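These notes are about the structure you will find just below.
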Amino acid sequence: MKPPPDCAENSVKITPFRRCLKTIPFFAKKNQKQKSRNSTSGINCGYLLLLFIFCVAFSFAFRTFVCNREISRIHREVGDKFAPFFVESAIMYAYSRDVADGIGIPKHDSQLVGTKPYRTCEQMSLGLEYFLGWGIRLGRLFVPALKNNQNPGAYEDNPATTAWMRGQIRLWTCLTSGIVFLWLIWLGAPWFFALLGGLLHGVTPAAVARHTGQDILRGEFGLPFIAAAFALFQLALRRKNPVWPLLMGIMVFCSSAFWDATQLVFGIWGCFELLRYLRGITPETGRRNLYIVIYIAQVLAAMLVPYNLAHGVILSPVIIAVWPTLLLVSFLKPLRWKRRMVIVALVSILSVAVWQAVSFHSSFADNYRHFRRLAIAKLVHLNVKPANPDFLDFEQRFLWTPGLDSATWQGTKSLYPVAFWALVGLSILCLLSGRFRSVLLRHEADLWLPLGLTLFWFIFYLFFVRFHVFCALFLCVALPLLLGYIYKKLPLFSYSRTWLIFLVVVIFTREFYISGRLRRRYPEHFLRETAQLIRWLRQADISGRVALADLSLSPLLKGYCHAAIIVQPKFELAKTRKNVKEYVNLMFHGSEKEFAAYCAKHQVELMIFTHGTTGPLHPRSYRYMANAKKLRPDSVAWLMDRNQQRLRHFFPVSPPIKMPDISTRYQVFRFITPQQKTQAACSAELALQSLREGKRELAARLALAAWRIDPLSPATYLAYYKAYGTPPKLAPGDGLFVRAQSK
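For what it's worth, numbering that gives the first Met the number 0 labels the leading residue of the sequence shown as 0, then goes sequentially.
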C-alpha cells in the first residue's frame, strides 16, 4: 500500500543519526493531543500573539527610523523645524485637526470653492480624519504638549499634534505587517516563513515607500482592512465559526467605505475566483457563502457611504458584473470544461452589457471616466507618455503625472530589489521542474491567489506606480508561502534546505538594506520657499480668503493658512476637474480679462504664481497640460512670469525683507476685480475734484482709498501723488490687503 501523499513527499531513509535525533524533544513529532491545542502551523496561540506584536513593532521601528530621517532632511532644507504635509495630506491634516479641536468637519466646506452642492463627505471618503482627530483627543489625556493650541507657531498651529498624527497613522499601517503574518499562519505556512512574510512587509521598499507616516494617505488607513479581509477569508475557510465571516464582512465594508481604490482589489479578486471555476474547481458551500458575505458588504458600503453614493459606486463593474457572475456560477453543479467556458462567457457578456446600459450616463461614469481614458491612452501609447501633448486630452495629460505615472526601470529596481524577482524565479523553477511542479498544482487553493495577484498588481504597477502597495502586500504573502512549500518538499537535514534558508536571509537582508538607503526627492516643492510663503501668509492672516494657486501649493494654503482654495487634488468629481481645467487653460490660452472673470466668479482675493511655469515644455509641466506649445505674449502665464508691468487686475506684492527666498519660487498677486477698478476710478476722480475745490483733507482720504483699491491704475496713482505730493509706496510684505504707507 502506498503511503499518504504528505508522507511520500517527505519520506527519507531513516539513519541511526536521524533515529537518535527523534529522541530529542525539539525534533520529535508532536502527539495528537498537543496538536489539538496548537494553531494551524503548530504554534501556540500565546506565541502567535507575541509574534504578531513583534511584526508590528519591528515594522513600526523601521518605518519610524525612515520617517525621522526624512523629516530631519526636510528640516535642514527648510532651515527650521517644519515638515509640511503635501497635496491631499494637507487637507486631511486640516480636517483631522478640526475634529481634534471639537470644530468637526463642516457639512459643506466653504473653503473648497466651486464644489457646490456636494457635501464634504461626498467629496472625500472621510474616516481617516476622524480616526486621527479622536486619536489626538485621546493623546491629550496623557500628553500635555498636545493641548497647547493657544499660541500657534509660525508655520502650524501645534507641531506636537503633527508629530502625534505621524506616529498614529504609522502605527496603524504597521498592523498590516502583523496581519500578513497571521494570514500566512492561517494559510498553513510554517511559523518561521509566516514570520518572514510579516517582517518582509515591514521593510520591503514597495511597502515602505509612502507608508511611513510622513504623509497622510487613505491607503495607509485602508490597507490593514484589506489585508484583514483576505486573512479572515482564509481563517473562515478553516474554522467553521460564524464570527469569522462576520468579521471578514466588516473588514470588507470598512475598506470599501474608507478607500475607493478598494473596489479594484475586490474586483480583481472576483476575477481570480472566476478563473478557479474555469479550471474546474467548483466552490464548496463554505467558500460560496463567504462570496455572498463579501458581496453584501460591498453593496452595503456602496449604498450607505455618502462618498460612494455621490460617485455611483453601486453602478461599478465590481458590483454589477464581476461578483454577480461569480455568485451565479458558484451555485451551478460541476460541469465539463466546455460548458463552463460557455456559461461564464455568456454570463459575463450579459453582466457587462447590463453594467454598460445602467452606468453609461451615470455619476459613476462621469466620476471615473478620466481613469478609464488614462488607461486606454497608456495602452495606445505603449505606456510611454508622448512628447507631443496633441496626442492626449487634458485629463490624460493632467493625470499622467507622479502617482499615476508609468513605472521606470530605475524606480522598479528601487521598489523591487530582490523579493519579487525571487518569487518569479522560484515559480518558473517549480513549473519547469518535475519534482517541484506538484508544489504549484497541489496547493492551488492557497498559493495561486496571492501569487496571481502579485503578478497582476506588478503589471498594473508598470502602468500606474501608485499601486505598488498592493503588489507588495500580496508579494509578502506569496513568497514566504511558496518558500514554505518548497522547504517541506526538500529532504530533511539536506543541503538544499540550508541553501533555501540562506536564500531567505539574502532576500530579507537585501530588501532591508535597499529600503534603508532610499531617499525621497522634493525638487518640485521647493521646501524653503514654500515654508517661508506659509509663514508669511499665516502672519498676514488669510483665513477664509480665496487663494488661487497650482495643485502642489493649494492644499498647503488650506491646511496651514486656513485659506479657501479652488484647485484641489480630489480629482474624481467631474465638477472639480472642470474647475482645474478651466484654470489651467485660461492661464495659457486666455487673456487677462478672461482670467479676471474666472477669478471674480470664484471670489478670488490672492493669486500665487509659480515661477518657471512658462519654462520649457516637458511632459510634467503645466505648459504640457495646457497644450501650450507656443506661448501667447498676452497670456496670463507669460504676463505674470515675464511682463508684470502690463497686468491690470493682478497687483504684485513683495514678500517681507526677512523672507527673500519666496521670490525665487513664488509671486503673490492681489486680485483687483472689475468692480473694484470702477470704484477706484470714481474715487480718484472725486479726489481730483476735491483738490480743485480746495478740500485737501477729503481729497487725501479719497485718493488713499482709490489707490488702496486699485494700485495699478494710473488715475489712482496720479490722484495720490497730487493729494500727498509724493508717490505711493508699499513696505515689503504689505499689499495683500492693501495696507498703504501714507503721510
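Note that beta-carbon positions come from the ideal geometry of N, C-alpha and C, so glycine has one too.
All values derive from a computational prediction rather than experimental measurement.
Cα-Cα separation, residue i to residue j
i, j, result
"G212", "P727", "49 Å"
"L314", "V343", "21 Å"
"P618", "S634", "20 Å"
"V583", "T612", "11 Å"
"L273", "L556", "47 Å"
"F220", "D100", "21 Å"
"G132", "R96", "6 Å"
"G734", "I541", "12 Å"
"A204", "P333", "For the sequence presented, residue 204 should be read as Pro rather than Ala. Rounded to whole angstroms, P204 to P333 spans 43 Å at the Cα level."
"L605", "S553", "11 Å"
"G724", "L585", "40 Å"
"A718", "L685", "9 Å"
"R669", "R691", "32 Å"
"R209", "G166", "14 Å"
"Q643", "Q688", "31 Å"
"I215", "G126", "12 Å"
"R647", "S712", "7 Å"
"L422", "F501", "15 Å"
"C598", "I104", "26 Å"
"R286", "K574", "42 Å"
"P385", "R465", "20 Å"
Three-way DSSP call (helix, strand, coil) for residue i in this model
i, result
"F419", "helix"
"C19", "Per-residue confidence for C19 stands at a pLDDT of 41, beneath the threshold of 50, marking its modelled position as unreliable; no derived number is given."
"T63", "helix"
"A625", "coil"
"L111", "strand"
"T609", "strand"
"K384", "coil"
"R669", "strand"
"T725", "coil"
"V142", "coil"
"F130", "helix"
"F649", "strand"
"E692", "coil"
"V86", "coil"
"E604", "strand"
"E155", "coil"
"M164", "helix"
"T508", "helix"
"Y117", "coil"
"A356", "helix"
"K332", "coil"
"T407", "coil"
"R209", "coil"
"A344", "helix"
"F26", "With a pLDDT of only 37 at F26, under 50, the local geometry of the prediction cannot be trusted, and no value is derived from it."
Beta-carbon proximity list for residue i, same chain, < 8 Å, skipping 5 on both sides
i, result
"W163", "G134, I135, G138, V142, L145"
"V298", "I313, I318"
"I485", "L425, C429, F435, V438, L499"
"A301", "S255, N307, L308, V312, I313, S315, I318"
"S124", "R217, A256, F257, W258, D259, V304, Y306, N307"
"I52", "G177"
"P479", "L183, A188, F192, A193, L195, G196, L199"
Nonlocal neighbours in the same chain, by C-beta distance under 6 Å from residue i, ignoring five residues either side
i, result
"N626", "P388"
"L246", "L231"
"G201", "F57, S58, F61, S176"
"I293", "V251"
"V112", "V545, A563, I565, H601"
"G269", "V321, W322, L325"
"R622", "L616"
"L452", "F473"
"P731", "S653, P655, I656"
Distance cut-off 8 Å: residue i Cβ against heavy atoms of the ligand SAH
i, result
"G138", "As far as ligands go, the structure on display features none, and thus does not contain the ligand SAH."
Cβ of residue i within 9 Å of any chain D Cβ
i, result
"C598", "Structure shown: chain D not included; a single protein chain is present."
Contacting residues, own chain, Cβ-Cβ under 7 Å from residue i (five flanking each side not counted)
i, result
"T261", "G221, I225, S254, S255"
Give, in chain order, every unbroken run of the beta strand (DSSP E) that is at least 3 residues long and sits entirely within the segment 522 to 580.
Runs of the beta strand (DSSP E) lying entirely within the segment 522 to 580, each at least 3 residues long, are 545 to 547 in chain order.
Of all the alpha helix (DSSP H) runs that stay within the bounds of the segment 272 to 311, which reach a length of 4 or more residues?
Qualifying alpha helix (DSSP H) stretches, in chain order: 284 to 303, 305 to 309.
Would you check if the segment 454 to 462 and the segment 172 to 186 touch, i.e. whether three or more CB-CB distances between them fall below 8 Å?
Taking a cut-off of 8 Å for Cβ pairs, the segment 172 to 186 and the segment 454 to 462 do not touch, as fewer than three such pairs fall below it.
If contact is defined by three or more beta carbon pairs under 8 Å, each pair taking one atom from either stretch, is the segment 186 to 202 in contact with the segment 53 to 72?
Flag = yes, the segment 53 to 72 and the segment 186 to 202 touch.
Should the segment 488 to 495 be called in touch with the segment 513 to 520, which here means at least 3 C-beta pairs below 8 Å?
Too few Cβ pairs lie closer than 8 Å, so no.
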